[in-house]
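>
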Amino acid sequence: CFGRFTEQSGRFSKNLREDVRGLLSLYEASQLECEGETVLEEATAISSEHLRARISCMDQR
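The numbering used here puts the sequence shown at residues 261 to 321.
Next up, the structure:
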């Protein structure tokens, strides 16, 4: 389901943090989460973390 964002191991790709559009897409998709959907919970956490980091970097410029 999230093949574009994951590695073969099923974990979210470390390269995802460089793909702002991908992070935004993942964040939007994760908002459809129902309680107990751990993949979507993880997607929310990871995308939020990386998007916040990108905003911090932009603020420092």
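Cβ coordinates follow ideal geometry from the N, Cα and C atoms, glycine included.
What is the DSSP secondary structure of F265, counted as helix, strand or coil?
Taking the sequence shown and counting its residues from 1, the one referred to as residue 265 is at position 5. Here F265 sits in helix by DSSP.
> Do L286 and H310 come within 7 Å of each other at the CB atom, strictly closer than that value?
One-based indexing of the sequence shown puts residue 310 at position 50. One-based indexing of the sequence shown puts residue 286 at position 26. Against a cut-off of 7 Å, the Cβ pair of L286 and H310 comes out as no contact.
> Mind checking whether S290 and L300 have CB atoms under 7 Å apart?
For the purposes of this step, residue 290 is taken as the residue at position 30 of the sequence shown. For the purposes of this step, residue 300 is taken as the residue at position 40 of the sequence shown. A contact, by the Cβ cut-off of 7 Å.
> For I315, is the classification buried or exposed, using 16 other Cβ atoms within 10 angstroms of its Cβ as the cut-off for buried?
On the sequence shown, position 55 is the one that residue 315 refers to. Per the 10 Å Cβ criterion, exposed.
> If we ignore side chains and look at the alpha-carbon of each, how far apart do A303 and Q320 end up?
In the sequence shown, the residue the question calls residue 303 occupies position 43. In the sequence shown, the residue the question calls residue 320 occupies position 60. The alpha-carbon atoms of A303 and Q320 are separated by roughly 26 Å.
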